[in-house]
Amino acid sequence: MQERDEESRSKLSQFGDTQPEEFRKQLHELADWIADFRENIEQLRVAPDDKPGAIRAQLPKHAPEGGESFEKILTDVDHIIVPGMVHWSHPMFLGYFGWTSTAPGILGEILTAPLNVNAMTWRTCPAATELEIVVVDWLRQWIGLSDEFEGVIYDTASVGIMHALAVAREEAAPATRKLGLTDRDLPRLRIYTSDQAHSSAEKAAIALGVGEENVIRKFVRPEYRSRSAEWSSANGGRRYGGDDFDCKR
């Protein structure tokens, strides 16, 4: 057993990785740093008042020839990175969208890092694929959708919107997958969305070849609600026919 341990350490050293004992020590230091950061975050400024380039000026212009100690890295994080951040986890941060950093989420990220999962297909990581299927189905049940609904988990809502619009595009123009947007019989694709919707609607339209001018934003009611009948009147009551295809958000 001792010979195997020594062989393992030798291989780690050969490839430039951290030795197990040192790695364990660093993990404990990082755990303390994370806990202290979360406990004292209210003492930080929500956002920096630096001008653009202030953080960059504190960093080396050229990449170092050798690595720095873990302690030095944490010191740089404390003195350079943290002061230059917009702290989305701060209780006084009220911009963009809600606070998403929770203790269970942080623990989950720490746990997933060493697993190094690449779940492109079922075969590349069966556990990740099947866990995702189960969790998405739990979500379906919570929001009351029928069991014919399925889904996937994405890293951002913007990617999810682009995927949904790609599906809508395939429904309206099935030949797009093979022929691209060169088909002469391709209908004019339009996206109907609220005037309160995120800019990801336009970004998806650009990426999918629909074009940002074909994103039609409709004014919603003062209470930020809309009705399906109002959407129908916005596009002349057309559905899959004529020159338009609507995908509402």
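Numbering (my numbering), first residue to last: 166 to 414.
Where a beta carbon is used, it is the ideal one built from N, C-alpha and C, also for glycine.
Which residues does DSSP pair with residue i in a beta bridge?
| i | result |
| --- | --- |
| Ile308 | Beta-bridge pairing links Ile308 to no other residue. |
What is the rounded straight-line gap between the Cα of residue i and the Cα of residue j?
| i | j | result |
| --- | --- | --- |
| Leu280 | Thr265 | 22 Å |
| Val300 | Ile318 | 9 Å |
| Arg342 | Leu351 | 12 Å |
| Thr282 | Asp182 | The residue asked about is misnamed: residue 282 is Val in this sequence, not Thr. So the alpha carbons of these two residues sit roughly 19 Å apart. |
| Gly376 | Tyr261 | 25 Å |
| Ala292 | Glu186 | 29 Å |
| Arg189 | Gly273 | 18 Å |
| Trp307 | Arg334 | 29 Å |
| Trp303 | Leu276 | 22 Å |
| Lys413 | Glu315 | In this predicted model, Lys413 has a pLDDT of only 49, less than 50, meaning its place in the structure is not dependable enough to derive any value. |
| His244 | Leu224 | 11 Å |
| Phe180 | Gln191 | 19 Å |
| Ala416 | Gly231 | Coverage of the chain is limited to positions 166 through 414, which leaves residue 416 absent and any answer about it impossible. |
| Ala208 | Ser311 | The residue you asked about is not Ala; residue 208 is Gln in the sequence shown. For Gln208 and Ser311, the distance between alpha carbons rounds to 47 Å. |
| Ile271 | Ala196 | 10 Å |
| Arg392 | Val385 | 9 Å |
| Pro387 | Ala362 | 15 Å |
| Phe202 | Ala278 | 20 Å |
So what does DSSP say about residue i, is it helix, strand or coil?
| i | result |
| --- | --- |
| Val382 | A small fix is needed here, since residue 382 is Arg in this sequence, not Val. Strand at Arg382. |
| Ile356 | strand |
| Met327 | helix |
| Arg221 | helix |
| Phe188 | helix |
| Lys368 | helix |
| Pro269 | helix |
| Val460 | No information on residue 460 is available, as it lies outside the stretch 166 to 414 that the chain covers here. |
| His193 | helix |
| Thr183 | coil |
| Lys343 | helix |
| Thr321 | coil |
| Tyr405 | Low confidence applies here, because Tyr405 scores a pLDDT of 42, under 50, leaving its location unreliable and the question unanswered by this model. |
| Glu236 | helix |
| Gly263 | coil |
Could you give the C-beta distance for residue i and residue j, rounded to a whole number, given that I count them as a contact under 8 Å?
| i | j | result |
| --- | --- | --- |
| Ile381 | Arg355 | 6 Å |
| Ile206 | His255 | 6 Å |
| Lys383 | Ser359 | 6 Å |
| Gly374 | Leu346 | 4 Å |
| Phe235 | Glu194 | 7 Å |
Given the structure, does residue i come close to the ligand FMN, in the sense that its CB is under 7 Å from one of the ligand's heavy atoms?
| i | result |
| --- | --- |
| Leu192 | Ligands are entirely absent from the displayed structure, and the ligand FMN is therefore not among its contents. |
**Report entry** Segment contact flag, the stretch 233–245 with the stretch 280–295, C-beta cutoff 8 Å, min 3 pairs
**Finding:** no
Query - At least three beta-carbon pairs within less than 8 Å, the stretch 245–253 to the stretch 199–217 - result: Contact between the stretch 245–253 and the stretch 199–217 is present: 3 or more CB-CB pairs across the two stretches fall below 8 Å.
Query raised in the report: Would you say the stretch 326–337 touches the stretch 367–376, given that touching needs at least three Cβ pairs under 8 Å?
Result: Yes, they touch.
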